[in-house]
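One structure is given below, encoded as structure tokens.
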Amino acid sequence: MKNKLDTLQRFVFENTPVRGNLVNLTSTLQLALNKQHLPAGLKRALGELMAASALLTATLKMNGSLVLQIQSKGALKLLVVECSSDFGIRATAKWTGDVDDQQSLFELIEHGQFMITLDPKDGGQAYQGIVALEGDNISTILENYMLRSEQIDTRIWLCCDGHSAAGMLLQKLPETMNQVTQRQDLTEQDSDTWNRVGHLASTITDDELLHLPTETLLKRLFNEEDIRLFDASHIAFFCSCSRDSVANMLRMLGNDELSSIIEEHGHIEVNCDFCNAHYSFDKVDTAQLLMSEVSAKANPKIH
Ligand SMILES: [Zn+2]
Numbered sequence: 279m280k281n282k283l284d285t286l287q288r289f290v291f292e293n294t295p296v297r298g299n300l301v302n303l304t305s306t307l308q309l310a311l312n313k314q315h316l317p318a319g320l321k322r323a324l325g326e327l328m329a330a331s332a333l334l335t336a337t338l339k340m341n342g343s344l345v346l347q348i349q350s351k352g353a354l355k356l357l358v359v360e361c362s363s364d365f366g367i368r369a370t371a372k373w374t375g376d377v378d379d380q381q382s383l384f385e386l387i388e389h390g391q392f393m394i395t396l397d398p399k400d401g402g403q404a405y406q407g408i409v410a411l412e413g414d415n416i417s418t419i420l421e422n423y424m425l426r427s428e429q430i431d432t433r434i435w436l437c438c439d440g441h442s443a444a445g446m447l448l449q450k451l452p453e454t455m456n457q458v459t460q461r462q463d464l465t466e467q468d469s470d471t472w473n474r475v476g477h478l479a480s481t482i483t484d485d486e487l488l489h490l491p492t493e494t495l496l497k498r499l500f501n502e503e504d505i506r507l508f509d510a511s512h513i514a515f516f517c518s519c520s521r522d523s524v525a526n527m528l529r530m531l532g533n534d535e536l537s538s539i540i541e542e543h544g545h546i547e548v549n550c551d552f553c554n555a556h557y558s559f560d561k562v563d564t565a566q567l568l569m570s571e572v573s574a575k576a577n578p579k580i581h
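The working numbering puts the sequence shown at residues 279 to 581.
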């Protein structure tokens, strides 16, 4: 079947506080997977987490990035996905030892933690929430997180077949006090809507989620509902690393550390875990990098 474009599409159930969005990733997932050789179970988990990052980003009013991260002391060390508010996604995984293709994410996790970070671009306060990994799939973990930390009823469906990843999110928006008094008679109706669409949505199959065009899928699931579908947003693989960002990171290691690496190896090599970009700093580059630190310190007003 022909691949769908990589898109995020929002929709609302008219005259109700229930909204949703659908995501489909193929080339974005392929580009992320091409940078690393992952066992099959981790490929699927990375794809699901990438789909989830776009679904959640679409619910936020923020200019910046959302980072979803799973850390553990088991064979899986780290699974991290970053999605910017304009839907540029990057992702990487780290693990130790032999992981075979049959092992699922949750067989590789011990003492796992799930972290969600909102990093505003305009210098606003970053926010980080940490929860224990409860549940044996990524959707359940995120649903629990949204309910407990944000008090927002959320249902999430995710799947990844190793080639494409897809997901659907439904949310019941909390009402403000003003709305509650104005619409008291409607709140019961709202929770009926929420229960009904959740029930209808739970019939979705992985195959439908991965392969059906958005309109067809919504029609099949919610035939009787009045749904407004918004224009699709385009999603692409994007890594924010640059020679400058690597130079800044190296500066933080300090003069002594950098000088000793140069003395031993003659150059400093850095590889980006997300996009595999390679950055090389020779003796002259490193001296310049340290010089610019000195000048930045001497003239704090410049730059
Ligand atoms: Zn990169």
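Glycine residues also receive a C-beta, built at the ideal position from the N, C-alpha and C atoms.
Everything numeric in this text was worked out from a predicted model, so none of it was measured.
Exercise. For Asn473, does the count of other Cβ atoms within 10 angstroms reach 16, so buried, or fall short, so exposed?
Worked result: By 1-based counting over the sequence shown, the position of residue 473 is 195. With fewer than 16 other Cβ atoms within 10 Å, it is exposed.
For this session: Give me the Cα-Cα distance between Ile434 and Leu447, rounded to the nearest whole angstrom.
Result: To locate residue 434, count along the sequence shown from 1; it is residue 156. To locate residue 447, count along the sequence shown from 1; it is residue 169. Looking at the two C-alpha atoms, the distance is approximately 5 Å.
For this session: Report the rounded CA-to-CA distance for His545 versus Leu311, giving the unit in angstroms.
Result: Translated into positions along the sequence shown, residue 545 becomes position 267. Translated into positions along the sequence shown, residue 311 becomes position 33. Cα to Cα, the separation comes out at about 29 Å.
Exercise. Buried or exposed: where does Ala443 fall if 16 or more other Cβ atoms within 10 Å of its Cβ makes it buried?
Worked result: Residue numbering aside, residue 443 sits at position 165 when the sequence shown is read from its first letter. With 16 or more other Cβ atoms within 10 Å, it is buried.
Exercise. Who's in the neighbourhood of ligand 1, going by beta-carbon under 6 Å from any heavy atom, listed in chain order?
Worked result: With the cut-off at 6 Å, the residues found are Cys517, Cys519, Cys550, Phe552, Cys553 and Ala555.
Problem set entry | Rounded C-alpha distance that separates Asn293 from Thr471 | Start at 1 with the first residue of the sequence shown, and residue 293 comes out as number 15. Start at 1 with the first residue of the sequence shown, and residue 471 comes out as number 193. Cα-Cα distance, rounded: 10 Å.
For this session: Let me know if Ser343 comes out buried or exposed under the rule of 16 or more other beta-carbons within 10 Å of its beta-carbon.
Result: As a position in the sequence shown, residue 343 is number 65, starting the count at 1. Classification for Ser343: buried.
Problem set entry | Rounded C-alpha distance that separates Leu396 from Ala330 | Translated into the one-based positions of the sequence shown, residue 396 becomes position 118. Translated into the one-based positions of the sequence shown, residue 330 becomes position 52. Each residue's alpha carbon lies about 14 Å from the other.
Problem set entry | the segment 380-391 in contact with the segment 346-365 per 3-pair CB rule at 8 Å | yes
Exercise. For Glu326, which of Arg368, Asn341, Phe291 and Asp364 has the nearest alpha-carbon?
Worked result: The sequence position of residue 326 within the sequence shown is 48, counting from 1. Closest option to Glu326, Cα to Cα, is Arg368.
Problem set entry | Span of the beta strand (DSSP E) around Ile348 | The residue labelled residue 348 in the question sits at position 70 within the sequence shown. Per DSSP, Ile348 belongs to the beta strand (DSSP E) from Gly342 to Gln349.
Exercise. Looking at the structure shown, is Gln406 part of a helix, part of a strand, or coil, going by DSSP?
Worked result: Sequence index remark: in the sequence shown, residue 406 carries index 128 (1-based). Here Gln406 sits in strand by DSSP.
Problem set entry | Expected contact under 8 Å - CB spacing of Thr306 and Ala514 to nearest Å | Residue 306 sits at position 28 when you count from the first residue of the sequence shown. Residue 514 sits at position 236 when you count from the first residue of the sequence shown. Right, the Cβ-Cβ distance comes to about 6 Å (below 8 Å), so this counts as a contact.
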